[in-house]
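Structure representation (structure tokens):
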């Protein structure tokens, strides 16, 4: 039962063995690319090849993530520049209707 201390009698070697089995089981059945193949590899060469594939996939993931974050900040900058340009045009005497003809954002009027 949970909280009754029944796990206190488990020996550390059994827990370590159980943890190793859990990690191996996770590696064999995970959908992460190549980890299952790496855990099932028998030779050093095949482990090396699968390790290289996994590291390349991880590197590509990190590269794409950084690219997307950069695009996010570029879009924020473009939005800021558009707001500054709009403020300048308002100061020159333009009205809101000069910029937006029909605007409805989530059921709210944009004005």
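Residue numbers (the working numbering): 3 to 113.
No residue lacks a Cβ here, since even glycine has one placed at the ideal position from N, Cα and C.
Predicted, not measured: the structure shown is a model, and the values here were computed from it.
Is there contact here, the stretch 52-65 with the stretch 33-44, by at least three beta-carbon pairs under 8 Å?
The stretch 52-65, when compared against the stretch 33-44, does touch it at the 8 Å Cβ threshold.
Please classify residue 36 as buried or exposed, where buried requires at least 16 neighbouring CB atoms within 10 angstroms.
The residue is buried, with at least 16 neighbouring Cβ atoms inside 10 Å.
Go ahead and pull the three-state DSSP assignment for residue 114.
There is simply no residue 114 to check, as the chain begins at 3 and stops at 113 in what is shown.
Spatial neighbours of residue 3 within its chain, please: CB distance less than 7 Å, with the 5 preceding and 5 following residues excluded, ordered by chain position.
With a pLDDT of 48 at residue 3, under the threshold of 50, the predicted position of this residue should be treated as unreliable, and no value is reported.
Going straight from the alpha carbon of residue 64 to that of residue 75, what length do you get?
C-alpha separation (whole angstroms): 17 Å.
In the structure shown, what three-state DSSP assignment does residue 36 receive?
Coil.
Tell me which same chain residues have a C-beta within less than 7 Å of the C-beta of residue 72, skipping the five on either side of it?
Within the same chain, residue 72 has no close Cβ partners at all.
How long is the line joining the alpha carbons of residue 30 and residue 68, rounded to whole angstroms?
Near 29 Å, if we compare the C-alpha coordinates of residue 68 and residue 30.
In whole angstroms, give me the CA-to-CA distance for residue 23 and residue 45.
Approximately 20 Å between the Cα atoms of the pair.
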